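If you read the sequence shown in my numbering, its first letter stands for residue 761, the second for the next number, and so on. Cβ coordinates follow ideal geometry from the N, Cα and C atoms, glycine included. In this text the structure is predicted, and so the values were computed from the model without any measurement. Take a look at the structure set out below.
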Amino acid sequence: MALDRLVVNSNPTAKSLPFRAGARHGVFADFGIDFSLVSTENSREQRTGLAEGRFQIVHVAIDNAVALRDVDGVDVVVVMGGDPGMNELITQPFVE
């Protein structure tokens, strides 16, 4: 059986760990997906790569979708959102 090809672009941060773990443990292959995760240098390159079809999914903040539409004039679909970002501050109880 031939696997369907899926290329996802994400920043090389902790937010891409679910993709990396899924790939390492063969989750994508189990569902018939030839999965590849790539990173790019900046948001412009992510938007350009998505518009040119080099990746099918870009895992980034919503501002990139807005820029893709408003700056580049490319139609875009946002599938889901709502991530508050990684703005948590975790400390020991004695830190004031």
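Between which two residues does the beta strand (DSSP E) carrying residue i extend?
{"i": "residue 795", "result": "793-798"}
{"i": "residue 803", "result": "Premise fails: residue 803 lies in the alpha helix (DSSP H), 803-812, not in any beta strand (DSSP E)."}
{"i": "residue 818", "result": "817-819"}
Do you know offhand how far residue i's Cα is from residue j's?
{"i": "residue 803", "j": "residue 790", "result": "31 angstroms"}
{"i": "residue 799", "j": "residue 824", "result": "15 angstroms"}
{"i": "residue 766", "j": "residue 821", "result": "20 angstroms"}
{"i": "residue 838", "j": "residue 851", "result": "34 angstroms"}
{"i": "residue 801", "j": "residue 784", "result": "23 angstroms"}
{"i": "residue 815", "j": "residue 805", "result": "11 angstroms"}
{"i": "residue 797", "j": "residue 780", "result": "8 angstroms"}
{"i": "residue 832", "j": "residue 840", "result": "21 angstroms"}
Among residues of its own chain, excluding the 5 on either side of residue i, which ones have a beta-carbon nearer than 6 angstroms to its beta-carbon?
{"i": "residue 817", "result": "768"}
{"i": "residue 776", "result": "770"}
{"i": "residue 828", "result": "807, 834, 836"}
{"i": "residue 810", "result": "818"}
Give the C-beta separation of residue i and residue j to the nearest angstrom, bearing in mind that I take them to be a contact with Cβ-Cβ under 8 angstroms.
{"i": "residue 835", "j": "residue 794", "result": "Going by Cβ atoms, the distance from residue 835 to residue 794 rounds to 26 angstroms, so no, they are not a contact pair."}
Which residue marks the beginning of the alpha helix (DSSP H) containing residue i, and which one marks its end?
{"i": "residue 769", "result": "Not the alpha helix (DSSP H): residue 769 falls in the beta strand (DSSP E), residues 764-770."}
{"i": "residue 823", "result": "822-830"}
{"i": "residue 778", "result": "777-784"}
For residue i, collect the residues of the same chain with a Cβ closer than 8 angstroms to its Cβ; drop the 5 residues on either side in sequence, then sort them by chain order.
{"i": "residue 772", "result": "799"}
{"i": "residue 788", "result": "766, 782, 794, 795"}
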